[in-house]
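Since the structure comes first, as structure tokens, the remarks are kept for the end.
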Amino acid sequence: MTMRMILNSLKAQWVLVALSSAMLTGCNPSETEPIVIPTPVPTQLVEATPVPTPIAQPSPQPATPTPTPPAPLTISVPNTPTPTPTPSPTPLSSPTPTPTLTPLQLRTMIGKASVQLQMGEMKAHGLIFDQSGYILTANHLIPLSSPVEVFHPSGQSEIGLVVGRDETRGLAVIQIVGGEGLPLIQLGDGTLPEVGQSVLAMGFFSAWQDDVEVSVATVAATQSNEATLSRLKITAGLDPDTSGVLVDGEGKIIGLMLPDTWYRSGQTTVSTPSVLAVDESTLEVISDLQAGVLILGPSQSELGLSRSSPAHPGFPVMVHGSTVLGELTIYEITLSEVARGEKAHELLSGVYEFVWDPDPGTEYLLAKVRMKYVTGPTDGTNFIHQLYFKALSRQGVVYVTPSHFFPMEPFLNQALYPGSSFEAWTTWQVPISDQAPILAYGTDWPERGRAWFLLVSEAQ
Numbered sequence: 033m034t035m036r037m038i039l040n041s042l043k044a045q046w047v048l049v050a051l052s053s054a055m056l057t058g059c060n061p062s063e064t065e066p067i068v069i070p071t072p073v074p075t076q077l078v079e080a081t082p083v084p085t086p087i088a089q090p091s092p093q094p095a096t097p098t099p100t101p102p103a104p105l106t107i108s109v110p111n112t113p114t115p116t117p118t119p120s121p122t123p124l125s126s127p128t129p130t131p132t133l134t135p136l137q138l139r140t141m142i143g144k145a146s147v148q149l150q151m152g153e154m155k156a157h158g159l160i161f162d163q164s165g166y167i168l169t170a171n172h173l174i175p176l177s178s179p180v181e182v183f184h185p186s187g188q189s190e191i192g193l194v195v196g197r198d199e200t201r202g203l204a205v206i207q208i209v210g211g212e213g214l215p216l217i218q219l220g221d222g223t224l225p226e227v228g229q230s231v232l233a234m235g236f237f238s239a240w241q242d243d244v245e246v247s248v249a250t251v252a253a254t255q256s257n258e259a260t261l262s263r264l265k266i267t268a269g270l271d272p273d274t275s276g277v278l279v280d281g282e283g284k285i286i287g288l289m290l291p292d293t294w295y296r297s298g299q300t301t302v303s304t305p306s307v308l309a310v311d312e313s314t315l316e317v318i319s320d321l322q323a324g325v326l327i328l329g330p331s332q333s334e335l336g337l338s339r340s341s342p343a344h345p346g347f348p349v350m351v352h353g354s355t356v357l358g359e360l361t362i363y364e365i366t367l368s369e370v371a372r373g374e375k376a377h378e379l380l381s382g383v384y385e386f387v388w389d390p391d392p393g394t395e396y397l398l399a400k401v402r403m404k405y406v407t408g409p410t411d412g413t414n415f416i417h418q419l420y421f422k423a424l425s426r427q428g429v430v431y432v433t434p435s436h437f438f439p440m441e442p443f444l445n446q447a448l449y450p451g452s453s454f455e456a457w458t459t460w461q462v463p464i465s466d467q468a469p470i471l472a473y474g475t476d477w478p479e480r481g482r483a484w485f486l487l488v489s490e491a492q
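With my numbering applied, the sequence shown corresponds to residues 33 to 492, in that order.
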């Protein structure tokens, strides 16, 4: 090997070492020693086909379905036993309302059930209301124990016996001996008729005549109190002393006209018969009379109209008076509550911090009074006050109440229009020894009318 070849080989090795060193150190070789690097033959690059950028496509929307006509519904009957249908309850049959009868039909019906009663020279009328021959009539014409001769419309006569009487209501019940299956007229169910309701008033004008007075009437007012009787006021051109009955459109008795007029007071008489309503309490009394009960007492028209027959608490008294110009006034006055002694003192102490002690031997008596102004001049008021009342003994001695006493509230002091009412207390001082004093109305001025009440509690 020649020297040149050796040198060239060493030179090539040196160049490779230097190049490798430069690549390892990241430095360029010295410019003073240029390195000749053979130009590499470039490798032919294969160009890749560019991938196109995807274009965002809108989200596919569901296509609107074309409406398809519904398939016909096929009902398949299951192979199960057919259930037995639940039977519908049988509707209760409502009673067919009784048609309203004409006045002529009602008169015929009442005529068949009416009888004439004769006791010696005295005559009266009655109505058969029970198939066992019970007759309802007015008490004041019937003797206490003697037999009564009963005449039917056909002229047939029978013997009747008085089995019960109520002197407070003015009723009597007679039973025909052996009477069965007789024509009758039914009593009502105890419901009071409504104001404005049309009724048929059939009155026996005179017990000495066979005349029957018939009038179509209207109920003008009803008055009821649980502690006493129920009454009706009717508009009918009947004599005040007429006795008879009121019947409804079904021919049932709803009222009894009594000859002792309820509206009579003093010298003033309203031309209207007294009508006792056949309410539930009256029906109970009639049942008691059939069983032989005897109820004694002053007649209905007398209670509260005289000092000898004062009305008890709860019993309304019709008082007829007049204004200073002579115009008619009618008050319904009811003593509704009485308290005396310790009870009265407690009531007063509940109103006032200080209550005067009554005089020795006396005690407080409080009387609550209800005043209803029934009739009077429509263009003005009427005044009521405790001064129109007095407390007195049964012998007529007036008890003086000291003026410094505080009155119980509410105090009886009010102006009323016709149709209005007011309830308030009156305050009195009475002797402890008098346990049944009397409250008198109108003794200060006779034109007011008068009423008398027994000052006792309902329990007494």
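For each residue, glycine too, the CB sits at the ideal point set by N, CA and C.
Straight-line spacing of the CA atoms in H344 and W484 works out to 9 Å. Around the CB of F438, fewer than 16 other CB atoms lie within 10 Å, so the residue is classed as exposed. Judged by beta-carbon spacing, S368 lies within the 8 Å limit of K400, meaning their Cβ atoms are closer than that value. Taking each of V317, L337 and A233 in turn and checking the Cα distance to G276, the smallest one comes out for A233. CA-to-CA, the gap between A447 and Q427 works out to about 32 Å. Judged by DSSP secondary structure, I318 falls within the alpha helix (DSSP H) whose first and last residues are E312 to Q322. Closest option to V246, judged by alpha-carbon separation, among I142, R201 and G196: I142. Going by DSSP, E395 is part of the beta strand (DSSP E) stretching over T394 to T407. Inclusion of P348 and T361 in the CB contact set at 8 Å is not warranted, their separation being larger than that value. Two segments are said to touch when three or more pairs of C-beta atoms, one from each, lie closer than 8 Å; by this definition the segment 458 to 477 touches the segment 419 to 435. Excluding its 5 nearest sequence neighbours in each direction, A253 has C-beta neighbours in its own chain below 6 Å: K265, listed in chain order.
The beta carbon of P390 is closer than 7 Å to those of Y396 and Q461 in its chain, skipping five residues each way along the sequence. The beta carbon of Y420 lies closer than 7 Å to those of Y473, G474, D476 and R480 in the same chain, with the five residues before and after it left out.
Boundaries of the beta strand (DSSP E) around T458: S453 to P463.
Following the DSSP letters along the chain, one finds M141 inside the alpha helix (DSSP H) bounded by residues P135 to A145. Bounds of the beta strand (DSSP E) holding S354 are V349 to S354. Between V182 and L138, the gap from beta carbon to beta carbon reaches 8 Å or more. Within the same chain, and ignoring the five residues on either side of G408 in sequence, the residues whose Cβ sits closer than 6 Å to its Cβ are T361, N414 and P450. Residue burial is scored here from C-beta neighbours: A323 has fewer than 16 other C-beta atoms within 10 angstroms and is therefore classed as exposed. In this structure, L136 lies away from L321, with their beta-carbon atoms at least 8 Å apart. In the DSSP assignment, K422 falls within the unbroken beta strand (DSSP E) covering F421 to L424. With contacts defined as CB atoms closer than 8 Å, G228 and G165 fail to qualify as a contacting pair.
Close CB contacts of A371 within its chain, under the 7 Å cut and outside five residues either way in sequence, are with L379 and L398 (chain order). Within the same chain, and ignoring the five residues on either side of H377 in sequence, the residues whose Cβ sits closer than 7 Å to its Cβ are V387 and Y396. With respect to the C-alpha of V180, the residue from V147, T250 and I416 having the closest C-alpha is V147. Of all alpha-carbon atoms in P225, A145, V251 and D221, the one lying nearest the alpha-carbon of G213 is that of A145.
According to the DSSP assignment, S381 belongs to the alpha helix (DSSP H) that extends over E374 to S381. With a cutoff of 8 Å on beta-carbon distance, G281 and T132 are scored as near each other. Around the CB of N445, fewer than 16 other CB atoms lie within 10 Å, so the residue is classed as exposed.
In the DSSP assignment, K265 falls within the beta strand (DSSP E) that extends over R263 to T267. For S338, the closest C-alpha among the options E374, V351 and I464 is that of V351.
Secondary structure note for A472: its beta strand (DSSP E) is the uninterrupted segment I470 to Y473.
Closest option to S425, judged by alpha-carbon separation, among G346, G373 and A468: A468. In the same chain as G283, and ignoring 5 residues on each side of it, the C-beta atoms closer than 6 Å to its own belong to L133, L138 and M141, in chain order.
DSSP places R197 in the uninterrupted beta strand (DSSP E) bounded by S189 to D198. Assigned with DSSP and collapsed to three states, Q418 falls in helix.
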